[in-house]
Structures are given as C-alpha cells and as structure tokens.
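Worksheet for the structure shown next.
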Amino acid sequence: MKNIIVTGGAGFIGSHLCEKLLNEGNHVICLDNFFTGSRKNIEHLLDNKEFELIRHDIVEPILIEADEIYNLACPASPIHYQYNAIKTIKTNVLGVTNMLGLAKRAKAKILQASTSEVYGDPIVHPQREDYWGNVNCIGIRSCYDEGKRVAETLMMDYHRQHNVDIKIIRIFNTYGPRMAENDGRVVSNFIVQALKGQDITIYGDGSQTRSFCYVDDLVRGMTALMNKDGFVGPVNVGNDGEYTIKELAEMIIELTNSNSKIVYKPLPSDDPCKRRPDLTLARKELGYEPTVHVRDGLMKTIEYFKSTL
Ligand code: NAD
Ligand code: UDP
299 MKNIIVTGGA
309 GFIGSHLCEK
319 LLNEGNHVIC
329 LDNFFTGSRK
339 NIEHLLDNKE
349 FELIRHDIVE
359 PILIEADEIY
369 NLACPASPIH
379 YQYNAIKTIK
389 TNVLGVTNML
399 GLAKRAKAKI
409 LQASTSEVYG
419 DPIVHPQRED
429 YWGNVNCIGI
439 RSCYDEGKRV
449 AETLMMDYHR
459 QHNVDIKIIR
469 IFNTYGPRMA
479 ENDGRVVSNF
489 IVQALKGQDI
499 TIYGDGSQTR
509 SFCYVDDLVR
519 GMTALMNKDG
529 FVGPVNVGND
539 GEYTIKELAE
549 MIIELTNSNS
559 KIVYKPLPSD
569 DPCKRRPDLT
579 LARKELGYEP
589 TVHVRDGLMK
599 TIEYFKSTL
C-alpha cells in the first residue's frame, strides 16, 4: 500500500484518479481548496478508511509524508482560471514549488499535470513533445499556459538540481462525468445547453479543432506514467481523434436528440486554431492507447448530466 497525495483531488479529473488509486489498494490523501472542485465529487469515497480529505490551498506549505504526489491542483477552465489570474499563477509557481519541496523532503515521486496549452496556438500539427510552442506571455490565457510552462521548468530544475523523481504529463482536452455544469468548457457547455433546449454557443466560426479524451483513458495514462521507472516525460496523453467545434456541436445535438439551435459568439482572444496530440511517445514508453471513442464517451457524459441537471 502506497501513501499517495492527490492535489486537486476533489476536481473533475482528480476525483476519478482518487477512485482508481483507492481501488488499487492505496492510501489516498486528497488536498483541495474547493475553488472549482466539490465535496460532492468525492462524497462516495469519504467512508473509505483509506481516504483522507484535507481542505488545503497548495499556495501554502504543508508538512505531511507521502510516497507519491499527483499535483493536479489548478483551475482548468478559461473562465475559472481567468477569474483570479494572479491566484492561478501563484498556484502554478508557489503551489508547485511547495509540492516539489514536499517531494524532496519526503523523497516522494511527483507527477505534474501539465497541459496541451504549453503549445499555445501551435504552428506544428499534430503537437509532439519536442515542439516548444507558440505562446503569448501577456495574453488572457498566459496566467494558465505560462503558469504551466513555469511549473514544467520548476519540475525539471528540481530534478536536475535535487534529483527529485519527477514526471510531467501534458493533458489534452479531457471530458467525462463530474465535469461541473458551470465549468465553461466546450463539452459541458454544449451538453448542458442541448439537454436544456438552449442555444448551443459556438465561439468563432466553429472551424477550430480539439481532440477529446475520455477521463478513464486519461487517468490510466497518468498512473502508467507514475509507475514507469526512469521515464520523466514530458509526455502527451489524450485521444488523437480531431474534431472541429462545429462537428462536436452537431454530434452532441444528435446524441441528445435536442432541438437546440447553433448560435455563433465572438472567439475569445488567443483561442488556439487547432490541437491534436502526437501520441507516439506515450504509445512507446507507456503502452498507452485511448480506448473510448468520442461518441461513446459523450453518451456516458450525457447520461451523467441527465442525472444531475
Ligand atoms: P478542475 O477545476 O475540476 O480541478 C482542479 C481542482 O484543483 C479543483 O478541485 C480545485 O478546487 C483545486 N484547486 C485549484 N486551485 C487550488 C489550490 N491553489 N490549492 C488546492 N486546490 C486547488 O479541473 P480538472 O479538469 O480536473 O483539471 C485537473 C488538472 O488537470 C489541472 O491541473 C489542469 O490544469 C489539468 N488539465 C486538465 C485538462 C482538462 O481538459 N480537463 C487539460 C489539461 C490539463
Ligand atoms: N467553445 C465554444 N463554445 C463554448 C465553449 C467553448 O465554441 O460554449 C470553444 C472554445 O472557444 C475553444 C474550444 O471550444 O475553441 C474548446 O474550449 P475549452 O474551453 O473547452 O478548451 P480549451 O480552449 O482550453 O482547449
């Protein structure tokens, strides 16, 4: 049994990760400040004696012991990470430094949840890990994407300077049950709008692309990376099917049998035109393969929102 910290464990991805780690027989300590996460996401785990929940903000140091740390704490949706942009940067710089300090002292392995946003509005397509990205350091997304880039830098410097055992995963757009209804990301927005019969809001002309990964596939990739000795990454994990946002809207209207109409709203600034992971490295090093087709994953997510709305 390992003692594992999951920061951001009450969030969307974190709650699925806590569940998987408990099912595999570990002791899990969830640290969360409940900014975008909720107790509801982990309520079903609270009776498990191997699950500990600590309300904690990673911008403050904490002294606990652990064998492994998954650092997921950080708002992930543009509306949430822009709500208090300075706090988002602090979470990615001070928060990550605190977690690396903990890893160094406790001699724990640490995995950082990075993001495809480190590639910015990419000029190279699909994105491979050796592409350095095209990021605006003064734009409205920079608190998040530059924040995550510094987080990667800190991870590498603690590795080189203090020999901390680190792992960096670059997560591409992930969706599934327990996304918050008000999350603001495209999959949850479109499903909620379709189920409520509201207009589906496409930003821009809908020709921008994304690649959507079902949360179970992603979490499997995360634990595979943590368990792969001698491999640091960074490594892309996601699903390499690529869809325009208009195609996604049409698919969700069809799968929900909705009467909703598509409406077009202005494209937010610095919104990337295209994004698709090159998964060659994940396949080679982690034996990773996404298994859930987007239509199947969307159906599961639609069922979840039907039960919660
Ligand atoms: P989420 O917003 O549901 O979860 C983030 C969790 O972190 C929440 O529970 C929140 O309360 C907590 N948190 C935020 N700031 C904190 C702080 N300072 N201290 C303690 N807890 C804090 O988002 P998610 O989609 O589950 O994302 C999890 C991680 O994965 C994030 O680091 C995100 O950047 C990364 N990621 C997600 C996606 C995606 O598509 N979902 C893509 C790329 C990267
Ligand atoms: N988007 C949209 N309508 C919405 C929410 C998002 O058209 O109601 C677009 C958004 O502009 C972006 C894409 O969908 O081009 C994915 O947005 P999301 O916030 O989910 O992820 P990210 O932009 O961080 O990849």
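Quick note, the sequence shown lines up with residues 299 to 607 if you use the numbering used here.
Backbone N, C-alpha and C fix where the C-beta goes; we use that ideal spot for every residue, glycine too.
Please tell me whether, using a cut-off of 7 Å, the distance from the CB of Pro373 to the nearest non-hydrogen atom of the ligand NAD is below it. yes
Around the Cβ of Pro359, are there at least 16 other Cβ atoms within 10 angstroms (buried) or fewer (exposed)? exposed
Specify the secondary structure class of Lys563 as computed by DSSP and reduced to three states. strand
Straight-line CA distance for Met549 to Asp428? 33 Å
Once the 5 residues before and after Gly502 are set aside, which same chain residues still bring their CB inside 6 Å of it? Leu565
From which residue to which residue does the beta strand (DSSP E) around Val326 run? His325 to Asp330
Looking at the ligand UDP, does it come within less than 7 Å of Gln496, judged from the CB to the closest heavy atom? no
If you check the beta carbons only, do Val530 and Leu315 fall under 8 Å apart? no
Compute the Euclidean distance between the alpha carbons of Val485 and Thr413, then round it to the nearest angstrom. 17 Å
Would the segment 437-446 and the segment 485-498 be scored as touching if the rule is three or more Cβ pairs under 8 Å? no
Would you call the CB atoms of Phe470 and Arg573 closer than 8 Å? yes
For Gly595, name the three-state secondary structure that DSSP assigns. helix
Is the Cβ of Ile421 closer than 8 Å to any Cβ of chain D? As a matter of chain content, chain D is missing from the structure shown, which is built from one protein chain.
Rounded to whole angstroms, what's the CA-CA distance from Ala371 to Ile327? Just pull it up for me. 13 Å
Given that a residue counts as buried once 16 or more other Cβ atoms are within 10 Å of its Cβ, and exposed if not, what is Ser505? exposed
Inspect the beta-carbon positions of Arg476 and Ser313 and report whether they are closer than 8 Å. yes
Considering only C-alpha positions, which residue in the set Val561, Gly309 and Ile421 is nearest to His378? Gly309
Measuring straight from C-alpha to C-alpha, what distance separates Tyr456 and Asn390? 15 Å
Just tell me which of Glu450, Glu545, Asp515 and Ile498 has its CA closest to the CA of Leu392. Glu450
Is the segment 394-403 in contact with the segment 347-367, if contact means three or more CB pairs nearer than 8 Å? yes
Rounded to whole angstroms, what is the Cα-Cα separation between Pro424 and Pro575? 6 Å
Short Cβ contact (8 Å threshold) for Phe510 with Val592: yes
Tell me the DSSP secondary structure of Gln491 in three-state form. helix
Extent of the continuous alpha helix (DSSP H) to which Phe310 belongs: Phe310 to Asn321
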